[in-house]
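Working notes, beginning with the structure itself.
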Amino acid sequence: MKNEIFVHFHPDERAFVDRAEEWVERAANLHEMKKTDFLDPRQAEIVTMLVNRNQGVQLKLFGGYEGAERRRAIIAPDYRYLDDESEGIALIEVSGDTKGHLELDHGDYLGSLLGLGIKRDRVGDLHIHEDKCHCLVMEEIADYINIHLRQVHRVHVLTEILPLVKLQPAVSAMEEMNLSVASLRLDGIASDVHRISRTKIVDPIRAGRCRVNWRVEEDPSTPLAEGDVVSMQGLGRFKVLVVEGITKKGRVRVKIGKYI
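Rendered as structure tokens:
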């Protein structure tokens with residue numbers, strides 16, 4: 000059964016698939032409930048696929064607000080009532096005087112959290128504002144962060160645990176780019192977006208450092224489509240916003256949103 004499941008997933012995903020399948024089996028056969036750490040969209044997709052294969056199991060996903068990217072999951076027998084189950088998510092406001100300093104970004108805040116010895120899957124979405132960051136984290140570690148997080152990059156900060164209703168979601172900023180490409184191949188679009196030659200962009204893709212819709216993609220010739228989100232390790236993330244059509248010379252007009 001395991002081998003039948005594994006053929007549908009990238010080898011790098013198999014350890015997670017194995018864990019998720021165990022959660023589902025324990026819910027179905029042992030009547031156990033599992034509340035996971037934060038899952039990225041691909042992991043949430045995998046859990047959903049596995050739960051849908053078992054009629055006796057239900058799934059609830061939540062990230063602290065509507066539209067969350069990183070979400071926790073509850074996997075439980077189908078007879079359990081989950082509406083009253085706590086999400087176990089806390090909101091921490093991190094604020095500091097950034098005047099005269101470089102503007103703090105997502106990597107600065109996340110790096111400082113991980114620098115406290117916190118694992119990535121215990122941190123949800125981070126909402127960056129001009130003078131603060133709203134961090135969604137697992138409830139179990141909120142007090143630890145509130146006590147120990149005192150610096151982000153070179154900026155001294157203060158922290159406060161707030162009710163989830165006070166979350167101020169931030170809209171991700173995008174730099175829109177209009178490209179004319181020979182095709183919708185991953186390597187061609189990625190090379191134009193990141194202004195790197197196609198020969199140089201192929202290596203990180205084949206090395207497994209590229210994800211399309213949070214799934215590892217190692218084939219440079221993979222065609223992209225509207226709505227696809229591509230992340231390249233060390234280079235950032237972009238989204239295919241619109242495929243606008245074909246030019247008279249047979250090239251494809253595409254609008255890209257590069258996250259900044």
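Heads up, the sequence shown is in numbering that gives the first Met the number 0, so the first residue is 0 and it goes up one at a time. We put the beta carbon where it would ideally sit given N, CA and C, even for glycine. Because the structure is a prediction, the values reported are computed rather than measured.
Give, in chain order, every unbroken run of the beta strand (DSSP E) that is at least 3 residues long and sits entirely within the segment 61 to 133.
-> 71 to 76, 88 to 95, 122 to 127
Check whether the Cβ atoms of L148 and I88 lie closer than 9 Å to each other.
-> Contact annotation: L148 and I88 have beta-carbon atoms that are not nearer than 9 Å.
Range covered by the alpha helix (DSSP H) that runs through E216 | For E216, there is no enclosing alpha helix (DSSP H), as DSSP marks it with neither H nor E.
Sequence-distant residues of its chain with Cβ nearer than 7 Å to T47 (five each side left out) | Scanning its chain for C-beta atoms nearer than 7 Å, with the 5 sequence neighbours on each side dropped, one finds around T47 the residues L58, in chain order.
Considering only C-alpha positions, which residue in the set M32, G66, I140, A189 is nearest to D77?
-> M32
Hey, out of S182, E86, R18, whose CA is closest to G62's CA?
-> E86
So is H126 buried or exposed if we call it buried at 16+ other beta carbons inside 10 Å?
-> buried
Which listed residue (R70, R250, A26, V23) has its alpha carbon closest to that of M137 | R70
Within its chain, find whatever has a CB closer than 7 Å to the CB of E243; leave out the 5 residues flanking it on each side and keep chain order.
-> R252, V253, K254
Inter-residue spacing [alpha-carbon to alpha-carbon] between L113 and M231 = L113 and M231 have their C-alpha atoms some 20 Å from each other.
Quick one: what's got a C-beta closer than 6 Å to V229's C-beta in the same chain, skipping five residues either side?
-> Apart from sequence neighbours up to five positions away, the residues of its chain that approach V229 with a beta-carbon distance below 6 Å are V211, F237, ordered along the chain.
Who pairs with T158 in a beta bridge, going by DSSP?
-> Its beta-bridge partners are V93.
Going by CA-CA distance only, name the one from V192, S171, P168 that's closest to S179.
-> V192
Among K248, L234, R214, which has the Cα closest to the Cα of R41?
-> R214
How many Å lie between M176 and L157 at the Cα?
-> So the alpha carbons of these two residues sit roughly 37 Å apart.
Report, in whole angstroms, the separation of the C-beta atoms of H155 and D107, which I expect to be a contact under 8 Å.
-> That belief does not hold up - the Cβ atoms of H155 and D107 are roughly 13 Å apart, past 8 Å.
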